[in-house]
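First residue of the sequence shown? That's 20 in my numbering, and the numbers climb one at a time after it. Where a beta carbon is used, it is the ideal one built from N, C-alpha and C, also for glycine.
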Amino acid sequence: MRRVFWVTLVALLPGTALAGPLSFDAAIEIATQNAPSVEASKAGLEASRNAATAAGQLPDPSLTVGVENFPVSGPPAFSFSREGMTMKRIGIEQAFPNPAKRRAQVRRAETGTQVAGAELAVEEQDVRLRTALAWIDLYYAKRRLAQLQSLDEGLGDLQGTVSARLASGTARPSQALEPEQLRAVVKDRRSQLEAEAVRAQARLASLTGDPDVDVLGDPPTVELDREKLEAGLPVLPRIAALDAGVQAADAETGLARSDKRPGWKVSASYGRRSPSYGDMVSVGVTIDLPLFPKRRQDPLIAARESEADRARFMRIAGERDLRASFASDLADYDLSVSRLGNSRSVLVPLAKRRAELDMVSYAAGKLDLGLALLSTLALAEAEVEALSREGDVVRGAIKIKYTYGDVRP
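Spelled out as structure tokens, the structure:
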């Protein structure tokens, strides 16, 4: 844990380039801290929090300036002092939305912050999952490459043995080509694994921000508590985001309903007239009259209620889909465990025994070299396949843990 802390600290220092291998935990920590998508979600959350500060506040007051009853005809035309009702006016006006609307605005802002927070949690979970899977894929691609490299080196030794037997006359000239043919097959297989490793490394580099990232150490041992995982499904970030969406839709409905209640405005002004007549003060109140709700407010309320119903149905569908995915991923994991057990207990031992027997038969001159080499290739393929199945098991466990478990730092 201490190593993860220091690796993360170095990664966050300005101008520091973190290069080289990373452990599983360090890669996830760095990716979560540096992923642009996470930073974007954090910015969205900060924006929602700032917007919530202004929610429910009174509108800014308005300043009014004007001239009233200015004559434009007759004897007092275009004079400020010859008509008693002519005045220069300055005033202020303040709107007071109804309290229900202000409360609804606050509630909408609060739910907006909840939605942004839930979206951030979902994005962080997604980044952790993608980083974990990329690390696992790169780790096992490199292990399978190492397995093929050992086979290639063994074929090189066998090539020397065949050349010696050819020189002594105990082997046919065509047998000198058989190890090379097998090495060509191994090379094709290695090229495939190298491409897999490059793809996994590219994904990991994209997430950590380090183009030269590599894996360090072994993957973690994952124990799956199925009952605990299933019990925690309703509180996962994906479901929390849907819950926040329901609350946001309800807040929009409440805001639409608040428009049926009148708001009001208060105004006050000071009118300056000619000194012969004296100044005047005016005070007034303006009240909204929602007189036609069936054509104005009610349709909007119905629309918001339908959107809230939609959000609730999406919440139900989201949990059902999550439970179905959970069951499917568990089934895939169980299948991977079964296939790995079969590979380790049956397929690899049988392939190894057959390769040993065929090489003994070849050494005794009872078996053609080509058949012996095919057995060797079959053993290598069985061992590489066993590693692939081991990777499937670890990958499946990691996917389940980081998709359905609480692994927040």
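inquiry  = Judging by CA-CA distance, which residue of Arg-408, Arg-414, Ala-416 is the nearest neighbour of Arg-163?
reply    = Arg-408
request  = Look at the alpha carbon of Asp-269 and the alpha carbon of Ile-335, and state the distance between them as a whole number of angstroms.
outcome  = 16 Å
inquiry  = Using a Cβ-Cβ cutoff of less than 8 Å, which residues in the same chain neighbour Ile-258 once the five nearest sequence positions on both sides are dropped?
reply    = Leu-252, Arg-334, Gly-337, Glu-338, Leu-341
task = Kindly list the residues whose CB is nearer than 6 Å to the CB of Ala-137, restricted to its own chain and excluding five residues on each side of it in sequence; keep chain order.
result = Ala-259, Ala-260, Ala-263
task = Kindly indicate if chain D contains any beta-carbon less than 8 Å away from that of Pro-95.
result = Any reference to chain D falls outside this structure, which holds one protein chain only.
query = Does DSSP put Met-378 in a helix, a strand or coil?
reply = helix
ask   = Could you give the distance in angstroms between the alpha-carbon of Ile-109 and the alpha-carbon of Arg-323?
value = 41 Å
query = Does DSSP put Leu-82 in a helix, in a strand, or in coil?
reply = strand
message = Here's the rule: buried if 16 or more other CB atoms are within 10 angstroms of the residue's CB, otherwise exposed. What is Met-104?
response = exposed
message = Does Lys-61 come out as helix, strand or coil in the three-state DSSP assignment?
response = helix
ask   = Going by beta carbon distance, what residues of the same chain come within less than 7 Å of Ile-306, once the five residues before and after it are set aside?
value = Pro-281, Trp-283
key: Within the stretch 76 to 144, ranges of the beta strand (DSSP E) (whole runs, at least 3 residues)   = 81 to 87, 106 to 115
query = What runs of the alpha helix (DSSP H), each 4 residues or longer, lie entirely inside the stretch 377 to 422?
reply = none
ask   = Any idea if Gly-34 is buried or exposed, counting beta-carbon neighbours within 10 angstroms, 16 or more meaning buried?
value = Residue confidence for Gly-34 is low, a pLDDT of 36 falling below 50, so the modelled location carries little weight; the figure read from the coordinates is stated next. Label assigned to Gly-34: exposed.
key: Whether Pro-55 touches Ala-140 by CB criterion (8 Å)   = no
request  = Please specify which runs of the alpha helix (DSSP H), each continuous and at least 4 residues long, are wholly inside the stretch 238 to 268, giving them in chain order.
outcome  = 245 to 250
inquiry  = My output table needs one value for Val-232: the three-state DSSP class, helix, strand or coil.
reply    = coil
key: Residue burial classification, Gly-410 (beta-carbon count within 10 angstroms, cutoff 16)   = buried
task = Can you have a look at Pro-238 and say buried or exposed, based on whether 16 or more other CB atoms are within 10 angstroms of its CB?
result = buried
Range covered by the beta strand (DSSP E) that runs through Ala-287 = 283 to 291
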